[in-house]
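Structure first, then comments.
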Amino acid sequence: MKRFHGIGSMRPSHTATGQLLRIPEGRTGFTLVELLVVIGIVSLLAALLMPALGRAKSKAKTILCASNQKQWGLATTMYLDDNRDTVPFFADTTTSTQVFWFQRFAPYLA
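Every letter in the sequence shown is one number past the one before it in the numbering used here, and letter 47, counting from 1, is 81.
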């Protein structure tokens with residue numbers, strides 16, 4: 035097979051839709067400059083997204099904290115309803131194992 039070199043020299047290829055696409059002879063991949071430009075653009079976009087991701091993570095922690103506080107409030111309310119509106123002491127001194135207040139509320143947590 036005779037190869038032609040120059041501007042008009044191209045080898046045929048097909049796209050996914052079956053259309054004929056001409057690719058220049060000898061061009062099989064990206065050049066180093068093209069690759070560096072793409073890496074530069076991707077790193078620039080990543081640098082722009084980092085502050086937004088940090089804010090989203092901070093907001094998620096704030097929401098989680100508020101949810102935990104709500105759960106402890108509900109657990110306290112349910113405990114009070116079941117125990118004649120009495121709040122447990124910091125620790126129960128009547129037993130040798132000392133059950134703390136958060137251990138008394140544990141069954142009421144979801």
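We put the CB at the ideal spot given by N, CA and C, even for glycine.
When the Cα atoms are used, Gly88 and Asp119 turn out to be separated by approximately 43 Å. Within the model, the alpha-carbon separation for Leu66 versus Val76 is close to 15 Å.
For the 9 Å CB-CB criterion, Phe134 and Trp106 do not form a contact. Put simply, the backbone Cα of Lys91 is about 36 Å away from that of Pro122.
For Asn102, the uninterrupted alpha helix (DSSP H) segment begins and ends at 66-116.
Between Leu143 and Ala109, the C-beta gap is smaller than 9 Å, which places the two residues in contact.
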